[in-house]
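What the sequence shown shows, in this note's numbering, is residues 41 to 273, in sequence order.
Note that beta-carbon positions come from the ideal geometry of N, C-alpha and C, so glycine has one too.
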Amino acid sequence: MITGFYEVVRGKEKITVGPGECFVAHEGDKLDILHKGYPEMRARYLHFRFSFHKMMKVDQCYQFPFHYNVNESKRFHQILDYFEKSKVKEDSLAKGTTDLKMSFALLEQLLALGIEVNNWELLQSKLERFLPLIKWLDQNLREKIDVDDIAMHMNLSVSRVFKLFKDTVGCTPMNYLKKIRMMEAQRLVISTDKSMEEISQLVGFNNPFHFSREFKNEYTLAPLSYRKQTLGV
Numbered sequence: 041m042i043t044g045f046y047e048v049v050r051g052k053e054k055i056t057v058g059p060g061e062c063f064v065a066h067e068g069d070k071l072d073i074l075h076k077g078y079p080e081m082r083a084r085y086l087h088f089r090f091s092f093h094k095m096m097k098v099d100q101c102y103q104f105p106f107h108y109n110v111n112e113s114k115r116f117h118q119i120l121d122y123f124e125k126s127k128v129k130e131d132s133l134a135k136g137t138t139d140l141k142m143s144f145a146l147l148e149q150l151l152a153l154g155i156e157v158n159n160w161e162l163l164q165s166k167l168e169r170f171l172p173l174i175k176w177l178d179q180n181l182r183e184k185i186d187v188d189d190i191a192m193h194m195n196l197s198v199s200r201v202f203k204l205f206k207d208t209v210g211c212t213p214m215n216y217l218k219k220i221r222m223m224e225a226q227r228l229v230i231s232t233d234k235s236m237e238e239i240s241q242l243v244g245f246n247n248p249f250h251f252s253r254e255f256k257n258e259y260t261l262a263p264l265s266y267r268k269q270t271l272g273v
């Protein structure tokens, strides 16, 4: 959400984003952002990740515009206003329910303005094969798991597991395991008071320094800094 004017470059795409407008970038996009030197410059941002069964990101099914005009951005403004005002952690069912409602409102707005690029029903049928594995991984994140364990749980050969993950998720089994460990770590960092050492153990890292490095690779900040920035403390 913008006050003033910003020039945003993503690869060969270049847009100028003005007051009341917004842009959406994909995870991992390399952006060059230049401000135009107006007296008042302000931008707000929101990091989000929506996935289906922890396997497939929503942008694998939908293509979203890079740039949204003022009218298209109004709902995004409202959602950002809510999350900006609710940075302070509050453990209550009411707040948790509203957080979830606003998150779905964000997803709803994105999908309304996006274009479906993959057949969702076909993708869903592929993902259903992974559901028992996902449940098992969730229950055993703190354990030492290798690709042989995953293959055994799926009753497939290691080579078949690699191909299935590549075709469906676009990554290796161990990279997927690391992603869901990081997703759970992110949740624990911002929704609990647990120490970083305790969180690292809960998501399967025996070495807190290794955990911190992997977390920073995924979310740009070390876990404790991420907690402070996200919660505004």
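- The residue from S265, Q100, V48 with its alpha-carbon nearest to that of Q164 is Q100.
- By the Cβ neighbour-count rule, Q103 is exposed, with fewer than 16 other Cβ atoms within 10 Å of its own.
- Here the C-alpha atom of L86 lies approximately 20 Å from the C-alpha atom of M96.
- Considered as a whole, the stretch 112-168 harbours 133-153, 160-168 as its complete alpha helix (DSSP H) runs of no fewer than 4 residues, in chain order.
- Remark: three or more beta-carbon pairs, one from each stretch, lie closer than 8 Å, so the stretch 104-116 and the stretch 61-73 are flagged as touching.
- Straight through space, the alpha carbons of I119 and Q179 are spaced by roughly 33 Å.
- In the structure shown, V49 adopts extended strand secondary structure according to DSSP, grouped into three states.
- Burial is judged here by how many other beta carbons sit within 10 angstroms of a residue's own beta carbon; F144 has fewer than 16 and is exposed.
- For E124, the closest alpha carbon among the candidates V157, R253, L140, R84 is that of R84.
- Three or more beta-carbon pairs separated by less than 8 Å link the stretch 68-82 to the stretch 42-52, which places the two stretches in contact.
- L146 counts as buried, since no fewer than 16 other beta carbons sit within 10 angstroms of its beta carbon.
- Linking F255 to E238 through their CA atoms gives a straight-line distance of about 14 Å.
- Counting along the chain, the unbroken alpha helix (DSSP H) around L173 starts and ends at 171-179.
- Across the set Q241, Y78, A152, the C-alpha of A152 shows the shortest separation from the C-alpha of E112.
- By the beta-carbon neighbour count (other beta carbons within 10 angstroms, threshold 16), G244 is buried.
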